[in-house]
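Report on the structure given below.
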Amino acid sequence: MGSGASSFTDEPYTGGEPTCPLNNLGLRVTDIESGTITLGGGLTILLSYNFNESLVSWQASKPGIVNLVLRQGAMQRRYVFDGQTVQGADLQAPSGLPITHIDICFNPELVLMSNVTIQSTAAVRYDRVYHWNMMLQADSNVEIAQGATGAIDFYLNVDFDQISIENAVVFGTITITNTNNFVGQDVRIDDVEEFLVDQVNFPIYLDPGQSVSFDYERSFDPNVTPTGTQVSSAVITRAQTSITIESEAAWNVQNANVTAINECIQIRSSNKGLLHSMCYSSNGNFYQLFYNVTVGPYYECGLAVSSRTETVRLVDNNIAFMAVSATVPIDVNCDAPPEPPGDQCVYKANYWRDTDADEGWNQLPAGRATPFYLTRHSYHRVMTHRKGNAYYKLAKQYVAVLLNGLVGVDMKMIEAPMGIAEDLFQRFTPDQVDRMPKRAPIRQQFTELALMLKQFIATSAQCL
């Protein structure tokens, strides 16, 4: 059996016309010479003989061939094909002697349907989603005097978490065209094997020259399959004959249409409005803020007579995608006026640098001379150091806040940034920070923390 044949049978030669299956057409070839034969409907077949005309190979221009019958003497061999096969090699008659004639059988419906073409496109799109973390801390409660105003302190931290790829799809268009030019030679599309965007009621009939298009899309994991080939197929029918036609289109994630989501954000407060705007950057992605919200006056006395809720939202394109809230009860004291700052007032950094008083300083292990982390300086020396790099800017404010805490200032709202600053001092020296590029994330963190601690002091009640 030659290549491309599904089966063959040997049978007696009965003479007469070509013996082809029902509803198929046939042509008898008695001139055993290599060459191209036209069968109709655009179907041609190239026959090539060898070995003293005892073997024949064939190549068809399109689907439609169902039988090739090779005669030698009183016997003939019938090769059966599926109508889709378009070539075969080294076919021979039963005796293996030179072939005396060939009957070519073809299905005219398959020939007509082979004039139906399918084309497809394929592209990729996905969302690149930027994820953020947000933390909001607040006073557990606040007490104010009747008829007076007060302030609730808040600490906000926003930092970048990760990037995820979501909603990844391969999408495109499938176009099927009936290129037949014969009136009435319509074809039927029974199915399109694809993830169609719109619901389609099959079958669909195509007149000669008519086209129809379908949009499709299907999901995939770009981390597992970064490239691929989209194979689109359709089932085409005429009369009782059906074929499947296919089209291929390559796609690559590197050429994807990408939509960035939450890459640039606004940080909005329900009480203060816009706090900050920022975009993702490989050089650092965090924002910290210490702020307060004014409340009052209230005239009803008692515990938790009112409350204030602060909600901070992360917003992209006017759509909030993350929110945190804190609600603080407000106690109104009608028995006594509010207490003055007293021991709770805050001294600025320059006070601690220049004062001769030992209060605060004497609570450090070695007073002013206590060594400051990985530096060669004391706590007092880092406050007077003239080299204004980011390390010393943070160190100055850190020592000032620490000393204020040692003399009684409430540190609860600033504990988190103080803890971050301490971690940085335990890991880096002034020279290491000084050698960092200005946009380096660690250096930026030193600068941001220095501003936050300075802001804590500036927004607190100042000692006279």
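Its first residue numbered -11, the sequence shown is counted upward by one per residue in our numbering.
We put the CB at the ideal spot given by N, CA and C, even for glycine.
{"Check": "Please give the ranges of any beta strand (DSSP E) in the segment 294 to 379, keeping only runs that are unbroken, at least 3 residues long and fully inside the region.", "Outcome": "307 to 321"}
{"Check": "In this structure, how does DSSP classify residue 435 when only helix, strand and coil are distinguished?", "Outcome": "helix"}
{"Check": "Quick one: measure Cβ to Cβ for residue 233 and residue 104, integer angstroms, because I've assumed they're closer than 8 Å.", "Outcome": "6 Å"}
{"Check": "Taking the C-alpha atoms as reference points, what is the distance between residue 378 and residue 408?", "Outcome": "15 Å"}
{"Check": "Provide the residue(s) that pair with residue 276 in DSSP beta bridges, ordered along the chain.", "Outcome": "145"}
{"Check": "Residue 238 bridges to which residues according to DSSP?", "Outcome": "217"}
{"Check": "Spell out the partners DSSP gives residue 199 in its beta bridges.", "Outcome": "165"}
{"Check": "Below 8 Å, can you find three or more Cβ-Cβ pairs linking the segment 176 to 184 to the segment 213 to 231?", "Outcome": "yes"}
{"Check": "Verify whether the separation of the beta carbon atoms of residue 115 and residue 292 is less than 9 Å.", "Outcome": "no"}
{"Check": "Over what stretch of residues does the beta strand (DSSP E) that includes residue 29 continue unbroken?", "Outcome": "Taken as a continuous stretch (DSSP letters only), residue 29 belongs to no beta strand (DSSP E), as it is neither H nor E."}
{"Check": "Helix, strand or coil: how does DSSP classify residue 448 here?", "Outcome": "coil"}
{"Check": "Can you say whether residue 400 is buried or exposed, counting buried as having 16 or more other CB atoms within 10 angstroms of its CB?", "Outcome": "exposed"}
{"Check": "Quick check on this structure: which residue in 439, 444, 380 has the alpha carbon closest to the alpha carbon of residue 419?", "Outcome": "380"}
{"Check": "Considering only C-alpha positions, which residue in the set 91, 143, 321 is nearest to residue 263?", "Outcome": "143"}
{"Check": "Can you list, in chain order, the residues of its chain with a C-beta nearer than 7 Å to that of residue -5? Leave out the 5 residues immediately preceding and following it.", "Outcome": "68"}
{"Check": "Specify whether the segment 301 to 311 and the segment 280 to 292 touch according to this definition: at least 3 beta carbon pairs, one from each stretch, less than 8 Å apart.", "Outcome": "no"}
{"Check": "What three-state label does DSSP hand residue 38 in the structure shown?", "Outcome": "strand"}
{"Check": "For residue 413, which of helix, strand or coil comes out of DSSP?", "Outcome": "helix"}
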